[in-house]
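Here's the structure, in structure tokens; my notes come after.
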Amino acid sequence: MTDDSLHLLRGTVDLLILKGLSWGPCHGYAVSEWLGKVTDGTLLLEEGTLYPALHRLENKGVIEAEWGLSANNRRAKYYRLTDVGRRRLTGETQAWTRYAEAIAKALGAKAPA
Numbered sequence: 485m486t487d488d489s490l491h492l493l494r495g496t497v498d499l500l501i502l503k504g505l506s507w508g509p510c511h512g513y514a515v516s517e518w519l520g521k522v523t524d525g526t527l528l529l530e531e532g533t534l535y536p537a538l539h540r541l542e543n544k545g546v547i548e549a550e551w552g553l554s555a556n557n558r559r560a561k562y563y564r565l566t567d568v569g570r571r572r573l574t575g576e577t578q579a580w581t582r583y584a585e586a587i588a589k590a591l592g593a594k595a596p597a
């Protein structure tokens, strides 16, 4: 974790993993790289968080995995969303959007008159 990175809030790890997989199958490292890139390094998924979350999501039937070869010809486990995972991504995205909007309103509020 860098000095500029933030700790992920409880409940956001699964949502961010699902979003990272929403464009198609990829391995865990690619999800982590995507998140770091799109947030300019502000949000990072470290191995100790990422892989237990991937296994948990797989056990819940939210994602599926199969072994394949990575771009550098190494064996890698590729994850993809299931139909359950796509529905969960949609629902959780809507919930987090409402939550973030409410927090922004509260933080931007002026003192009561």
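Going letter by letter, the sequence shown gives residues 485 to 597 in my numbering.
Glycine included, C-beta positions come from ideal geometry on N, C-alpha and C.
Owing to the predicted nature of the structure, the values given are computational and were not obtained by experimental measurement.
Which class does residue i belong to by DSSP, given the choice of helix, strand or coil?
i	result
Leu529	coil
Leu493	coil
Lys594	coil
Ala549	strand
Ser506	coil
Would you report the Cα separation of residue i and residue j, rounded to the nearest angstrom?
i	j	result
Thr526	Trp580	18 Å
Met485	His491	Confidence at Met485 is low in this model, with a pLDDT of 47, below 50, so its placement is unreliable and the value that follows should be read with caution. In a straight line, the C-alpha of Met485 is about 9 Å away from that of His491.
Val515	Ala590	32 Å
Lys521	Ala597	43 Å
Glu557	Glu531	A small correction: the amino acid at residue 557 is Asn; Glu does not occupy that position in the sequence shown. Rounded to whole angstroms, Asn557 to Glu531 spans 21 Å at the Cα level.
Glu585	Ala549	34 Å
His601	Trp551	Because the chain in this structure spans residues 485 to 597, residue 601 falls outside the shown range and cannot be described.
Asn543	Pro536	11 Å
Arg559	Gly495	30 Å
Val546	Glu517	21 Å
Ile587	Ala593	10 Å
Say the cut is 7 Å; is the CB of residue i nearer than that to a heavy atom of the ligand SAM?
i	result
Gly575	As for the ligand SAM, it is missing from this structure, which has no ligand bound.
Name the residue from the options whose alpha carbon lies nearest to the alpha carbon of residue i.
i	options	result
Leu565	Glu531, Leu529, Cys510 and Ala597	Cys510
Leu529	Ile547, Gly545, Val546 and Leu493	Leu493
Gly569	Ile501, Thr496 and Gly495	Ile501
Taking a contact to mean a Cβ-Cβ separation below 8 Å, would you say residue i touches residue j in this structure?
i	j	result
Leu519	Thr577	no
Gly512	Leu541	no
Leu553	Ser506	no
What residue does the beta strand (DSSP E) around residue i start on, and which one ends it?
i	result
Lys544	Unbroken run through Lys544: none, as it is neither H nor E.
Ala560	Arg559 to Leu565
At least one CB of chain B closer than 8 Å to the CB of residue i: is that the case?
i	result
Ser506	This model lacks chain B altogether, as it is built from one protein chain only.
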